[in-house]
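Have a look at the structure below before the remarks.
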Amino acid sequence: MRKLNFHEKKLLKKLIFLNGTGKGCHREGPVMRKYHITGRDDYKKYETLRRSVQKLVNVLKQMDDRDPFLVRMTDALFEKLRAEIRFVLRMAGITWGNTDQKSLALCDHLSVSSFHRWRLLTILARLEFAERFKRQSRSSSKDMSRNSDRNVEDFVTWVDSSECKTKVLDYNNKLGHYDLMN
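Taken in order, the sequence shown gives residues 1 to 182; the numbers are from full-length UniProt numbering.
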């Protein structure tokens with residue numbers, strides 16, 4: 001390929017290559033913008049995960065209902081996908097109760113967006129935190145694409161030496177003498 005001219009390089013800078021032209025690519029761009037996904041590879045990883053879950057569900061649907069392996073695998077699948085399935089149930093207006101409400105048909109409604117809702121960056125944006133200063137559980141996390149569950153969401157806090165933390169505490173009149181010393 002030949003070297004591009006100056007004006008051609010300048011025109012290429014303004015193009016957005018997030019929108020593909022293949023089958024199903026029309027959803028990629030909006031999802032990537034909504035959940036602040038920087039690389040297309042992250043989106044593709046979640047897409048393959050969603051596809052593999054759907055394939056597993058289709059295999060499990062074809063098995064006999066009384067098969068103990070089916071019950072064991074279904075319980076394991078629901079344990080792994082607990083947060084996503086609760087969201088789908090909540091959107092359908094069903095409360096999460098006993099195991100009678102679990103069905104493999106709910107896994108058909110999983111999308112790539114349902115996996116991205118539990119990324120650390122999305123949780124930080126929902127809890128109105130800054131993007132940089134974060135601590136998840138006992139250790140600091142620098143991986144913004146890390147998935148979190150509802151149990152860990154309660155432990156997302158500011159780092160102790162954060163200037164944003166002191167500004168927020170000062171604004172809410174909760175800044176104490178101990179916080180000023182750090």
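Built from N, CA and C at the ideal position, the CB exists for glycine as well. All values derive from a computational prediction rather than experimental measurement.
Buried or exposed by the 16-neighbour rule on C-beta atoms within 10 Å, applied to Phe115: For the purposes of this step, residue 115 is identified with residue 115 of the sequence shown, where counting begins at 1. Its Cβ being crowded by 16 or more others within 10 Å, Phe115 is buried.
Cβ-based neighbour list, Lys61, same chain, cut-off 6 Å, excluding 5 preceding and 5 following: Locating residue 61 in the sequence shown gives position 61, counting from the first residue. Only Leu104 meet the Cβ criterion.
Alpha-carbon to alpha-carbon, Val159 and Lys165: Position 165 of the sequence shown, counted from the start, is the residue given in the question as residue 165. Position 159 of the sequence shown, counted from the start, is the residue given in the question as residue 159. One C-alpha to the other measures close to 8 Å.
Leu56 vs Met63 beta-carbon contact at 9 Å: Within the sequence shown, numbered from 1, the residue matching residue 56 stands at position 56. Within the sequence shown, numbered from 1, the residue matching residue 63 stands at position 63. Cβ distance not < 9 Å, so Leu56 and Met63 don't count as in contact.
Gly176, enclosing alpha helix (DSSP H) - first and last residue: To locate residue 176, count along the sequence shown from 1; it is residue 176. Unbroken run through Gly176: none, as it is neither H nor E.
Exposure label - Leu124; buried when at least 16 CB within 10 Å: On the sequence shown, position 124 is the one that residue 124 refers to. Per the 10 Å Cβ criterion, buried.
Distance, Glu28 Cα to Trp118 Cα: Mapped onto the sequence shown, residue 118 falls at position 118. Mapped onto the sequence shown, residue 28 falls at position 28. C-alpha separation (whole angstroms): 18 Å.
Arg2 (DSSP reduced to helix, strand or coil): One-based indexing of the sequence shown puts residue 2 at position 2. If DSSP states are grouped into helix, strand and coil, Arg2 belongs with coil.
Leu49 to Thr122 span [Cα, whole Å]: Counting from 1 along the sequence shown, the entry for residue 49 is found at position 49. Counting from 1 along the sequence shown, the entry for residue 122 is found at position 122. Rounded to whole angstroms, Leu49 to Thr122 spans 19 Å at the Cα level.
Coil, strand or helix - Arg126 by DSSP: Looking up residue 126 in the sequence shown gives position 126. Correct three-state label for Arg126: helix.
Three-state class that DSSP yields for Arg117 in the structure shown: Within the sequence shown, numbered from 1, the residue matching residue 117 stands at position 117. If DSSP states are grouped into helix, strand and coil, Arg117 belongs with coil.
Collapsed DSSP secondary structure at residue 183 in the structure displayed: The requested residue 183 is not part of the displayed model; the chain covers only 1 to 182.
Residue environment, Thr74, which counts as buried when at least 16 other CB atoms sit within 10 Å: The residue you call residue 74 lines up with position 74 of the sequence shown. Buried, because 16 or more other Cβ atoms sit within 10 Å of the Cβ of Thr74.
The alpha helix (DSSP H) enclosing Asp42, as first and last residue numbers: Residue mapping note: residue 42 aligns to position 42 of the sequence shown, counting from 1. Its alpha helix (DSSP H) spans residues Arg40 to Lys61.
Proximal residues to His36 (C-beta, below 6 Å), its chain only, five neighbours per side dropped: Position 36 of the sequence shown holds residue 36. Result list for His36: Leu121, in chain order.
CA-to-CA distance, Ser162 to residue 196, given in whole angstroms: The question about residue 196 has no answer here: the residues shown for the chain are numbered 1 through 182.
Rounded C-alpha distance that separates Pro68 from Lys80: One-based indexing of the sequence shown puts residue 68 at position 68. One-based indexing of the sequence shown puts residue 80 at position 80. Distance between the alpha carbons of Pro68 and Lys80: 19 Å.
Other residues of its chain near Glu8: CB distance less than 6 Å, five sequence neighbours each side excluded: Here residue 8 corresponds to residue number 8 of the sequence shown, with the count starting at 1. So the list is empty, once near-sequence residues are dropped.
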